[in-house]
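Counting from 3, one number per residue, gives the positions in the sequence shown under this note's numbering.
Where a beta carbon is used, it is the ideal one built from N, C-alpha and C, also for glycine.
Here the structure is laid out as structure tokens; the discussion comes afterwards.
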Amino acid sequence: RMMALSEAYQEERPNVEADDVMALTIRALGLILGRLVRDRGGTGDDCGTCGTCGTCGTLNQRHFILTKLITSAAQALIEVLEIDINLDLVTSQRVSRVLKKMRLVRAKQPGTGNRGWMISLDDLYRWTIVYGMDIEEITGIQHLTQVLSATSATSATSATPPRGNP
């Protein structure tokens, strides 16, 4: 019974935590990263796990995203999805604190000094798993879960040394 209760909670967790600023920030990052990757031509419907789609090469590529852009995306999501969070509470400072808790890499934009964060699809994927979100839904990139899972499996098998005869 406890296992069934735990599984039911995990399935409903995204709905329960919809008002969480961390979950909102993850959704905003997904929205932005999805658009960046799609605009750069890094997605396609034909993915044989690294060959033709181009997404695989962008999994670990870090993208610079301004804090104010993430904040604007989060505020837009509040309005569009009618999330019960006060817009005045979603500030660049608060979003920045959330991103710091996520242990993302801080960066400054060359020339302007504007502050932002370096994030990859792989980073985002790990956080969507923790929060029980669907990365394909928040990024709008089809077959991304398959590519990320296959890449994780490939890197895990290549990281373990082969066993020799004892």
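Where does residue i sit, in a helix, a strand or coil, going by DSSP?
| i | result |
| --- | --- |
| M4 | helix |
| T114 | coil |
| R37 | helix |
| R108 | strand |
| G32 | helix |
What's the gap between the Cα of residue i and the Cα of residue j?
| i | j | result |
| --- | --- | --- |
| K36 | A25 | According to the sequence provided, residue 36 is Gly. The question's Lys does not apply to it. Roughly 16 Å between the two C-alpha positions. |
| I34 | Q63 | 14 Å |
| I67 | N88 | 23 Å |
| I28 | R3 | 31 Å |
| T147 | L126 | 11 Å |
| Y133 | P112 | 33 Å |
| I131 | A78 | 23 Å |
Please determine, among the options, the residue with the shortest C-alpha to C-alpha distance to residue i.
| i | options | result |
| --- | --- | --- |
| D124 | M5, L106 and L89 | L106 |
| H145 | R29, V23, R3 and R40 | R40 |
| D86 | D22, G113, R3 and S122 | D22 |
| M137 | I72, L61, G43 and S8 | The residue you asked about is not Met; residue 137 is Ile in the sequence shown. Minimum Cα distance to I137 is reached at L61. |
Measuring CB to CB, does residue i end up less than 9 Å from residue j?
| i | j | result |
| --- | --- | --- |
| R117 | R108 | yes |
| S94 | T69 | yes |
Can you list, in chain order, the stretches of the beta strand (DSSP E) that have 3 or more residues and sit fully within the segment 54-100?
65-68
Mind listing, in chain order, the continuous beta strand (DSSP E) runs of no fewer than 3 residues lying wholly within the segment 117-148?
117-121
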